[in-house]
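Chemist: Sharing a structure with you now.
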Amino acid sequence: MLVSEGDPEAKYTELETIGKGGFGTVCTAVDTATGEEVAIKKISLLGESSTELCLNEIQVMRNNKNANVVNYVDSYLVDEHLWLVMEYIDGGSLHDIIRETRMVEGEIAAVSRECLQGLDFLHSQQVIHRDIKRHNILLGLDGSVKL
């Protein structure tokens, strides 16, 4: 089974919405059992969203663990929404960073290197990302860079 059974609203306490797009919304939450902060991507399965693409995203994330790719935690079906629970990256997106500050050449090179390492890993697993953009590059306060 690709999605877990149970009530994610009992397992996670939502904190705040951190993103919205054509796919749905992303919020931060805390696992009530462990205290771990996670990100939950809530994707509408109605309208233009493709259930098959969502299920493919789960399989890709579940099967491809890498330091430069956001890690999959769990997934649930809630009404007409797929909830993808992922690790939370605390520094925000590259888009957020470049709106607030000017990056120097060394920082740009480091982010580029980490992105390319993530892409190299995905390509070695026969996975094409298809949506590389500054909104989808996440930076951790620890210096990590993840697709």
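Residue numbers for the sequence shown follow full-length UniProt numbering, beginning at 1 and rising by one. The C-beta atom is built at its ideal place from N, Cα and C for all residues, glycine as well.
Which runs of the alpha helix (DSSP H) at least 4 residues long sit entirely within the UniProt domain "Protein kinase" (12-147)? Give them in chain order.
Modeler: Correct list: 51-63, 94-100 and 105-124.
Chemist: Ordered along the chain, which non-local residues of its own chain (more than five positions away) have a Cβ less than 6 Å from that of H135?
Modeler: Excluding residues within five positions, the ones whose Cβ falls inside 6 Å are S93 and H95.
Chemist: Are there 16 or more other CB atoms within 10 angstroms of the CB of L10, so buried, or fewer, so exposed?
Modeler: The amino acid occupying residue 10 in the given sequence is Ala; Leu does not appear at that position. Exposed, since its Cβ has fewer than 16 Cβ neighbours within 10 Å.
Chemist: Using CA atoms only, rank isn't needed, just tell me which of V78, L82, H123 and I40 is closest to T51.
Modeler: Per the Cα distances, L82.
Chemist: List the whole-angstrom C-beta distance separating F23 from I43, where the pair is believed to meet the contact cut-off of C-beta under 8 Å.
Modeler: Yes, F23 and I43 are in contact; Cβ-Cβ is about 5 Å, under 8 Å.
Chemist: From D142, L119 and R130, pick the residue whose C-alpha is nearest to that of K65; which is it?
Modeler: The option with the nearest alpha carbon to K65 is L119.
Chemist: Excluding five sequence neighbours on each side, which residues of the same chain lie with their C-beta closer than 6 Å to the C-beta of V85?
Modeler: The answer, listed in chain order, is V38, I40, V73 and D74.
Chemist: Assign E16 to one of two classes, buried (16 or more other C-beta atoms within 10 Å of its C-beta) or exposed (fewer than that).
Modeler: When all chains shown are included, E16 counts as exposed.
Chemist: Roughly how many angstroms separate the alpha carbons of A109 and R130, rounded to a whole number?
Modeler: Cα to Cα, the separation comes out at about 22 Å.
Chemist: Within the same chain, show all residues whose beta-carbon is closer than 8 Å to that of I89, passing over the 5 residues directly before and after it, in chain order.
Modeler: Here the set comprises A39, V70, L138, L139, G140, S144 and K146.
Chemist: Give me the Cα-Cα distance between E36 and V30, rounded to the nearest whole angstrom.
Modeler: When rounded, the distance between both Cα atoms is 6 Å.
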